[in-house]
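A.B. asks: Residues in the sequence shown are numbered consecutively from 33, following my numbering. Got a structure here, written out as structure tokens. Questions coming.
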Amino acid sequence: MASKINSKKVIVDGISFDSRTEAKYYCRLKRLKEDGKICHIECHPKYELQPACERYGKKYRPMYYIADFLVILDDGHKIVIDVKGYGMEDAQLKRKLFAYKYPDLELRWVAMSYKYSDTGWIDYDELQKLRRKAKQPRKRGRE
Numbered sequence: 033m034a035s036k037i038n039s040k041k042v043i044v045d046g047i048s049f050d051s052r053t054e055a056k057y058y059c060r061l062k063r064l065k066e067d068g069k070i071c072h073i074e075c076h077p078k079y080e081l082q083p084a085c086e087r088y089g090k091k092y093r094p095m096y097y098i099a100d101f102l103v104i105l106d107d108g109h110k111i112v113i114d115v116k117g118y119g120m121e122d123a124q125l126k127r128k129l130f131a132y133k134y135p136d137l138e139l140r141w142v143a144m145s146y147k148y149s150d151t152g153w154i155d156y157d158e159l160q161k162l163r164r165k166a167k168q169p170r171k172r173g174r175e
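Here it is in structure tokens:
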């Protein structure tokens, strides 16, 4: 996998992660598994978004969404998790394709932010909303 910008690969339990943030989330999932809140953790599950094809003599390789984790809860519910520092345009497109192709799987993007979350983990879209709101200029009263 290509390394994320400004991040260093980290190895935990013999598993290579693209960033320290991703490794921290793995440790969080391990604790949840030890507490019996989740049944199974799979690292770097791969989902085909588009098969290989050929058109006008040009061959196209298949397109995949490689998530950070697949978590299976006690009730069998599957959650695909991606730890994000920021969402690049190609990730946004792949997210939409994933939602279309795998409607039965829940895809969650999470990010780390102690500013907006007591646990440090927050839904990526919620974090983006909070950051946009914080950037808006404050309205002043009439002078």
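Glycine residues also receive a C-beta, built at the ideal position from the N, C-alpha and C atoms.
Per DSSP, what are the beta-bridge partners of K128 in this structure?
C.D. replies: Bridge partners of K128: none, in fact.
A.B. asks: Applying the criterion that 16 or more other CB atoms from any shown protein chain within 10 Å of the CB defines a buried residue, is E138 buried or exposed?
C.D. replies: By the neighbour-count definition (other C-beta atoms within 10 Å, threshold 16), E138 is an exposed residue.
A.B. asks: Just the C-alpha distance for K8 and L64, rounded to the nearest angstrom, thanks.
C.D. replies: This structure cannot settle anything about residue 8, because the visible part of the chain is limited to 33 through 175.
A.B. asks: Count the other CB atoms, across all protein chains shown, that sit within 10 Å of the CB of A55; report buried if there are 16 or more and exposed otherwise.
C.D. replies: buried
A.B. asks: Can you give, in chain order, each stretch of the alpha helix (DSSP H) that sits fully within the stretch 64 to 142 and has at least 4 residues?
C.D. replies: Here the runs fully enclosed are 121 to 133.
A.B. asks: Check this for me: beta carbons of C75 and I111, under 8 angstroms apart or not?
C.D. replies: The answer is no: Cβ separation not under 8 angstroms.
A.B. asks: I'd like to confirm something about D107: is its beta-carbon nearer than 7 angstroms to some heavy atom of the ligand MN, or not?
C.D. replies: Annotation note on the ligand MN: not contained in the displayed structure, which lists no ligands.
A.B. asks: So for D155, helix, strand or coil by DSSP?
C.D. replies: strand
A.B. asks: Roughly how many angstroms separate the alpha carbons of D155 and W141, rounded to a whole number?
C.D. replies: 6 angstroms
A.B. asks: What did DSSP end up calling M33 once you bin it into helix, strand or coil?
C.D. replies: The predicted model places M33 with a pLDDT of 47, which falls under 50 and marks its position as unreliable; any figure quoted below should be read in that light. Of the three classes helix, strand and coil, the one that applies to M33 here is coil, per DSSP.
A.B. asks: Count the other CB atoms, across all protein chains shown, that sit within 10 Å of the CB of M144; report buried if there are 16 or more and exposed otherwise.
C.D. replies: buried
A.B. asks: Ignore the nearest five residues each way along the sequence and tell me which others in R164's own chain have a CB closer than 7 angstroms to its CB.
C.D. replies: none
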